[in-house]
Amino acid sequence: MRDQAYNLRRKMLVGDAPPAKTIAVVSGKGGVGKSNISTNLSILLGKENKKVLLFDLDIGMGNIHILLGSHHSYSIMDYIEEKELYIDTIICKNVHGISYIRGGNGLKNIVEWKEKQIERFFEVMEYAVHKYDYILFDMGAGASKETVEFLLAMDEIIVVTTPEPTSITDAYSMMKYIYLRDQEKKFYLTCNRAESKKEGLETIIRLQETVRKFLHKEIVSLGVLPEDPALRKAVIHQIPIVVAYPASAMTLSLRAMLHQLSGGVNPPVSKQIGFIKSMRNLFFGR
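Residues in the sequence shown are numbered consecutively from 530, following the numbering used here.
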């Protein structure tokens with residue numbers, strides 16, 4: 530149970546602010562540019578005067594801090610395991626206008642957590658959803674029982690694929706895995722690293738038709754993100770492309786993608802059940 534000091538601290542911190550919109554960025558396989566997309570989308574939202582938290586949950590492969598050109602000593606696992614830390618300590622603030630949290634390797638054992646560890650995790654989540662307008666989760670590649678608990682509670686899921694056949698197959702498998710747990714979950718799809726707009730659109734249409742045929746479900750296209758030499762330069766210099774090259778093809782496509790998302794950059798509308806309540810149902814109902 531939370532102590533009285535935490536309850537008082539929570540009331541002071543969260544106030545009456547509406548809960549954040551939660552967005553997961555996922556892929557069926559690694560190496561499709563998922564982390565670059567979640568990082569740069571977060572920064573674009575920040576440029577729209579939104580309070581944004583980027584949460585790195587790509588366990589074992591987390592590289593958000595590298596893409597941001599930043600370093601932070603603490604992860605959420607440090608808070609879960611170290612009682613002396615404050616929540617603010619694990620959040621790296623004002624990096625290109627956003628905040629971020631490192632996940633930490635201990636998250637891979639989330640299904641084995643004790644109740645006290647889960648409660649401390651929820652303290653962080655509860656703080657974040659009332660402190661920020663948007664929380665973007667950069668998830669690990671593929672779906673597993675360790676990550677599906679998060680995905681089922683999200684407001685929105687962005688699935689990233691490339692035109693490669695293995696990437697398309699794995700993206701479909703990812704959506705099917707989640708669909709079998711929640712048939713109402715809405716998916717947004719983008720094709721990254723397309724050599725041409727035609728190639729990217731063909732990839733998206735192929736996936737849409739497959740999902741429609743076998744899962745009887747519609748998925749929403751967020752459009753095509755092009756192969757852009759500027760992205761490689763940005764990664765090498767550890768500066769997000771939307772900051773380093775604001776007029777690049779990739780940046781312009783990301784801006785268009787952002788405004789196609791449900792609600793665009795308007796004030797977020799929380800799900801009826803709410804992110805925290807949904808997460809609690811998933812964890813304690815398992």
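We put the beta carbon where it would ideally sit given N, CA and C, even for glycine. Note that the coordinates shown come from a computational prediction; the quantities given were computed from them, not determined experimentally.
Using DSSP bridges, identify the partner residues of residue i.
i    : result
V555 : V688
I572 : Answer is none; I572 lacks a bridge partner.
T719 : V689, G752
Y663 : K550, V581
L586 : M668
S604 : R631
Under a three-way DSSP split, which group does residue i fall into?
i    : result
N623 : strand
D699 : helix
L760 : helix
Y629 : strand
Q646 : helix
S599 : coil
M683 : coil
I707 : helix
Y615 : coil
I768 : coil
E747 : coil
D532 : Here the model assigns D532 a pLDDT of 47, short of 50, so the residue's position is not dependable, and the following value carries that caveat. It is coil, neither helix nor strand.
E713 : coil
N565 : helix
A785 : helix
R809 : helix
D730 : For clarity, residue 730 is Leu in the given sequence; the question names Asp instead. In this structure, L730 counts as helix in the three-state DSSP scheme.
Y774 : coil
S673 : coil
L736 : helix
E724 : coil
Report the CB separation of residue i from residue j in whole angstroms; it is logged as a contact under 8 Å.
i    : j    : result
S750 : I733 : 5 Å
H601 : R631 : 6 Å
R722 : G562 : 6 Å
L596 : S564 : 6 Å
D822 : I765 : Coverage of the chain is limited to positions 530 through 815, which leaves residue 822 absent and any answer about it impossible.
Distance check for residue j and residue i, CA to CA, integer angstroms please.
i    : j    : result
A785 : I619 : 32 Å
D662 : T551 : 9 Å
L681 : Y615 : 28 Å
P755 : G729 : 8 Å
Q737 : V688 : 12 Å
E724 : D587 : 26 Å
P758 : A549 : 34 Å
M530 : F812 : In this prediction, M530 scores a pLDDT of 41, lower than 50, which makes its location untrustworthy; the coordinate-derived value is nonetheless stated afterwards. Distance between the alpha carbons of M530 and F812 is about 16 Å.
V772 : K726 : 23 Å
S702 : A553 : 17 Å
Q801 : T568 : Reliability fails at Q801, whose pLDDT of 46 lies under 50, so the model's placement of it is uncertain and no value is given.
M704 : F716 : 8 Å
S698 : E613 : Correcting the residue type first, residue 698 is Thr in the shown sequence and not Ser. Answer to the nearest angstrom: the Cα atoms are 45 Å apart.
S604 : A700 : 28 Å
Y708 : A763 : 35 Å
T739 : E610 : 44 Å
E652 : I768 : 31 Å
P547 : H659 : 6 Å
M779 : K645 : 43 Å
S556 : T690 : 6 Å
P692 : C720 : 7 Å
E655 : K580 : 15 Å
L787 : T676 : 24 Å
K622 : L744 : 41 Å
E747 : E713 : 10 Å
K643 : N810 : 16 Å
S571 : R741 : 30 Å
M683 : I664 : 10 Å
A670 : L718 : 15 Å
E641 : D711 : 23 Å
M606 : D585 : 12 Å
G803 : L582 : 18 Å
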